[in-house]
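Visitor: Residue numbers (the numbering used here): 1 to 101.
By construction, the Cβ of each residue, glycine as well, lies at the ideal position given by its N, Cα and C atoms.
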Amino acid sequence: MNCKKSRKMFMDFINDKLSPDDLEEFLDHVNNCDECKQELDIYYTVTKGMQLLDEHPDTKKIYINIDDKLASADEWLASYRLRKMEKISILILLCLFMIFL
Ligand SMILES: [Zn+2]
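(1) Does the Cβ of V46 have 16 or more other Cβ atoms within 10 Å, making it buried, or fewer, making it exposed?
(2) Give me the Cβ distance between D77 and E24, rounded to the nearest whole Å; I'm assuming they're in contact under 8 Å.
(3) Going along the chain, which residues put their C-beta within less than 6 Å of some heavy atom in ligand 1?
(4) Below 9 Å between beta carbons: does that hold for F26 and M9?
(5) Go ahead and pull the three-state DSSP assignment for S19.
(6) For D34, name the three-state secondary structure that DSSP assigns.
(7) With DSSP as the reference, label I105 as helix, strand or coil.
(8) Decide if C3 is buried, meaning its Cβ has at least 16 other Cβ atoms within 10 Å, or exposed.
(9) Quick one: measure Cβ to Cβ for H29 and M1, integer angstroms, because I've assumed they're closer than 8 Å.
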């Protein structure tokens, strides 16, 4: 993925709308590209900040950190992969079961 493509995905990433494959590519790029990460940080802080102020207008202190968002996306992707692996394993087991029956 290049910087141009990654930047087009910022809003979808912030709104959790990337497909698992896109998310994987996106995280790969952003975690290795300081420029995109910095820009994403700004986008995320502004977007999330406005959202939080909208929902909780009396909030005095807002804590927004792109590293938290990236880490939770990483975790989500890892558990998604695990679930996919589990499904495939079960499918393989079922197939073996059918063959040997
Ligand atoms: Zn980049």
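Guide: In brief:
(1) Here residue 46 refers to the residue found at position 46 of the sequence shown. Exposed.
(2) The residue given as residue 77 occupies position 77 in the sequence shown. The residue given as residue 24 occupies position 24 in the sequence shown. Before going on, a small fix: residue 77 reads as Leu here, not Asp. By a beta-carbon distance limit of 8 Å, L77 contacts E24. Their separation comes to about 6 Å.
(3) Taking each Cβ in turn, the ones that pass are C3, S6, H29, C33, E35, C36.
(4) Taking the first residue of the sequence shown as position 1, residue 26 is located at position 26. Taking the first residue of the sequence shown as position 1, residue 9 is located at position 9. Closer than 9 Å, so yes.
(5) Within the sequence shown, the letter at position 19 stands for residue 19. Reduced to three states, the DSSP call for S19 is coil.
(6) As a position in the sequence shown, residue 34 is number 34, starting the count at 1. Of the three classes helix, strand and coil, the one that applies to D34 here is helix, per DSSP.
(7) The question about residue 105 has no answer, for the chain in this structure spans 1 to 101.
(8) Along the sequence shown, read from residue 1 onward, the residue named residue 3 stands at position 3. Answer is exposed; the Cβ neighbour count stays below 16.
(9) As a position in the sequence shown, residue 29 is number 29, starting the count at 1. As a position in the sequence shown, residue 1 is number 1, starting the count at 1. The pair is a contact, with the Cβ atoms about 4 Å apart (cut-off 8 Å).
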